[in-house]
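Numbering (mature numbering (1 follows the signal peptide of the UniProt record, and there is no 0)), first residue to last: -16 to -1, 1 to 170.
Built from N, CA and C at the ideal position, the CB exists for glycine as well.
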């Protein structure tokens, strides 16, 4: 029988560079929407429309509705919501498959290296793991969770990546990481 394990990662990332006095108005001549999302300044989809240092976003018109992405050197993060008032950007991250029956370390890279203004928020983060026959722990951290259907790990603050170690309790189990959802905060 094949066990499926799902990991959902909800990540809030704080951006110190955005002040609460900033207006959520888009600059003149700049794209103000991408699909169903508003694109408020300091974010922008073209040069001259965004603040420097990680606020350039890409509107991908190949999707219907169009999708907005934070562009990274080695990965793009789909933007699900931008809230200037809360200084948050919520993003969807990647899906990682892994082999069961042994110990698998997985580096969960939250923010691309070139998006340095983004760090994990102090109060809106956790890893939620759904499945059976495994335990998960953060490498070099004392806390862990052992699955009886579902468990949750807190994520240390101020990080842009961390390592999760999966240990299968049933060595005959097979599984696959179903998905990960992230949240980035501006």
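Using the C-alpha atoms, what's the distance from residue 54 back to residue 30?
Your numbering for residue 30 matches position 46 in the chain shown. Your numbering for residue 54 matches position 70 in the chain shown. Taking the straight line from one Cα to the other gives about 12 Å.
Assuming residue 18 and residue 52 are in contact, meaning their beta carbons sit under 8 Å apart, how far apart are those beta carbons, in whole angstroms?
Position 34 of the chain shown, counting from 1, holds the residue named residue 18. Position 68 of the chain shown, counting from 1, holds the residue named residue 52. Right, their Cβ atoms sit about 4 Å apart.
Residue 18 bridges to which residues according to DSSP?
Translated into the one-based positions of the chain shown, residue 18 becomes position 34. Paired residue(s): 21.
Inter-residue Cα distance where the pair is residue 12 and residue 43:
Within the chain shown, residue 12 is the residue found at index 28, counting from 1. Within the chain shown, residue 43 is the residue found at index 59, counting from 1. Their backbone Cα atoms lie some 17 Å apart in a straight line.
Can you check which of these residues, 37, 32, 49, 50, is closest to residue 102 by C-alpha distance?
For the purposes of this step, residue 102 is taken as the residue at position 118 of the chain shown. Cα-wise, what sits closest to residue 102 is 37.
Own chain, CB closer than 6 Å to residue 20, minus 5 neighbours either side, in chain order:
By one-based count along the chain shown, residue 20 stands at place 36. If we look at residue 20 and ignore the five residues flanking it on each side, its Cβ neighbours are 49.
Determine which residues share a DSSP beta bridge with residue 72 and list them.
By one-based count along the chain shown, residue 72 stands at place 88. DSSP, once it has assigned bridges, lists 67 as partnering residue 72.
Is DSSP giving residue 47 helix, strand or coil here?
Along the chain shown, one-based indexing puts residue 47 at 63. Correct three-state label for residue 47: coil.
Can you tell me which of the three DSSP states residue 11 falls into?
To locate residue 11, count along the chain shown from 1; it is residue 27. Three-state result, residue 11: coil.
Applying the criterion that 16 or more other CB atoms from any shown protein chain within 10 Å of the CB defines a buried residue, is residue 73 buried or exposed?
Against the chain shown, residue 73 aligns to sequence position 89. Buried.
Taking buried to mean at least 16 other C-beta atoms within 10 Å of its own C-beta, is residue 32 buried or exposed?
Stepping through the chain shown from its first residue, residue 32 is reached at position 48. Classification for residue 32: exposed.
Is the beta carbon of residue 39 closer than 7 Å to that of residue 24?
Start at 1 with the first residue of the chain shown, and residue 24 comes out as number 40. Start at 1 with the first residue of the chain shown, and residue 39 comes out as number 55. Cβ atoms of residue 24 and residue 39: not closer than 7 Å.
If you draw a straight line from the alpha carbon of residue 202 to that of residue 9, how long is it in whole angstroms?
In the structure as shown, the chain begins at -16 and stops at 170. Residue 202 is therefore absent and cannot be evaluated.
Where residue 27 sits in the DSSP three-state scheme
Your numbering for residue 27 matches position 43 in the chain shown. In this structure, residue 27 counts as coil in the three-state DSSP scheme.
DSSP three-state call for residue 39: helix, strand or coil?
Position 55 of the chain shown, counted from the first residue, corresponds to residue 39. Reduced to three states, the DSSP call for residue 39 is coil.
Would you identify the three-state DSSP class for residue 102, choosing helix, strand or coil?
One-based indexing of the chain shown puts residue 102 at position 118. Looking at residue 102 - three-state DSSP - the assignment turns out to be strand.
Taking the beta carbon of residue 45 as the centre, do at least 16 other beta carbons fall within 10 Å, making it buried, or is it exposed?
The residue labelled residue 45 in the question sits at position 61 within the chain shown. Answer is exposed; the Cβ neighbour count stays below 16.
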